[in-house]
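Each remark here refers to the structure printed beneath this line.
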Amino acid sequence: MILFGQVLPGQPVTILGLKEAVGAGVTPVREAIRRLTAEGALETLGNRRICVPELSARRIDEIYFARFAIEPKMADLAATRATEADITRLEALDRKVDQAIETGNIEAYLESNFRFHFALYDLSGTPILRKIATSLWLQFGPSHRVVSGRFGTSNLPDMHSETIDALRRRDSTATARAIEGDLQQGLDLMRQALGV
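The opening residue of the sequence shown carries number 22 in this note's numbering; numbering runs sequentially from there.
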């Protein structure tokens, strides 16, 4: 829900609301809220209220600083380990991204874009970095939804073809550069959409 922006920045979150939305009991929902708050995907306000944080310019810069530090490195490592079957799977995931862009389906874009990136990052064999990347994605996911809504899917970053081409050539430097380009496009659009 939070990762794909179904709960928007500034929107309050309640235990009861989440319980109904995900069909889970109170205890698992409380634990999820605690964990998401620890990861920075939720924040506690006065009166024990919880909401999705709105991203400031400083927070966006900090999140993207971390993303630029680890995601291209994971892509670089993935290029050294990717098999033909892995590349075929990434191509299938990228087709879903392309289809979502073509049809203007923001929800499908957000989900398929995440799946593409993390299928690539999983190839790096770096579970600690993957966990950090997941935390970062949780923090900017709701704002990514806002960006998608403002610009539509046709303007969203997608340097996945360049990434796949670099993987096919076993060019780890080009794979990392393609992911850097994808991140930079996303950062530029986020700053523009949020006016920061």
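Glycine included, each C-beta is placed from N, C-alpha and C at the ideal position. This structure is a prediction, so every number in the text was calculated from the model and none was measured.
How would you label residue i, buried or exposed, when you count the other beta carbons within 10 angstroms and need 16 or more for buried?
i, result
"residue 93", "buried"
"residue 163", "buried"
"residue 149", "exposed"
"residue 113", "exposed"
"residue 115", "buried"
"residue 118", "buried"
"residue 50", "buried"
"residue 103", "buried"
"residue 197", "buried"
"residue 106", "exposed"
"residue 39", "buried"
"residue 63", "buried"
Tell me which residues share the same chain as residue i and place their Cβ nearer than 6 angstroms to its Cβ, disregarding the 5 neighbours each side in the sequence.
i, result
"residue 161", "84"
"residue 202", "180"
"residue 42", "none"
Please tell me whether residue i and residue j are closer than 8 angstroms, where the distance is taken between their beta carbons.
i, j, result
"residue 147", "residue 204", "no"
"residue 189", "residue 108", "yes"
"residue 23", "residue 159", "yes"
"residue 199", "residue 180", "yes"
"residue 14", "residue 171", "What the structure shows of the chain is the stretch from 22 to 217, and residue 14 is not part of that stretch, so it cannot be assessed."
"residue 71", "residue 47", "no"
"residue 173", "residue 216", "no"
"residue 129", "residue 140", "no"
Take residue i and list the residues in its own chain whose beta-carbon comes closer than 8 angstroms to its own, dropping the five residues that flank it on each side.
i, result
"residue 87", "153 and 157"
"residue 101", "191 and 193"
"residue 142", "92, 95, 96, 99, 150, 151 and 154"
"residue 81", "161, 164, 208, 211, 212, 215 and 217"
"residue 36", "47, 50, 51 and 54"
Which residues in the same chain have their Cβ closer than 7 angstroms to the Cβ of residue i, if we skip the five residues on either side of it in sequence?
i, result
"residue 195", "187"
"residue 89", "201 and 204"
Could you give the C-beta distance for residue i and residue j, rounded to a whole number, given that I count them as a contact under 8 angstroms?
i, j, result
"residue 185", "residue 66", "That pair is no contact at about 43 angstroms."
"residue 169", "residue 95", "Actually they are not in contact, since the Cβ atoms of residue 169 and residue 95 sit about 23 angstroms apart, beyond 8 angstroms."
(message) I'd like to know if the region 47 to 59 and the region 131 to 138 are in contact, where contact means that at least 3 CB-CB pairs between them fall below 8 angstroms.
(response) The region 47 to 59, when compared against the region 131 to 138, does not touch it at the 8 angstroms Cβ threshold.
(message) Check whether the region 23 to 32 and the region 65 to 76 touch, using three or more Cβ-Cβ pairs below 8 angstroms as the test.
(response) Put simply, the region 23 to 32 touches the region 65 to 76. At least three CB pairs are less than 8 angstroms apart.
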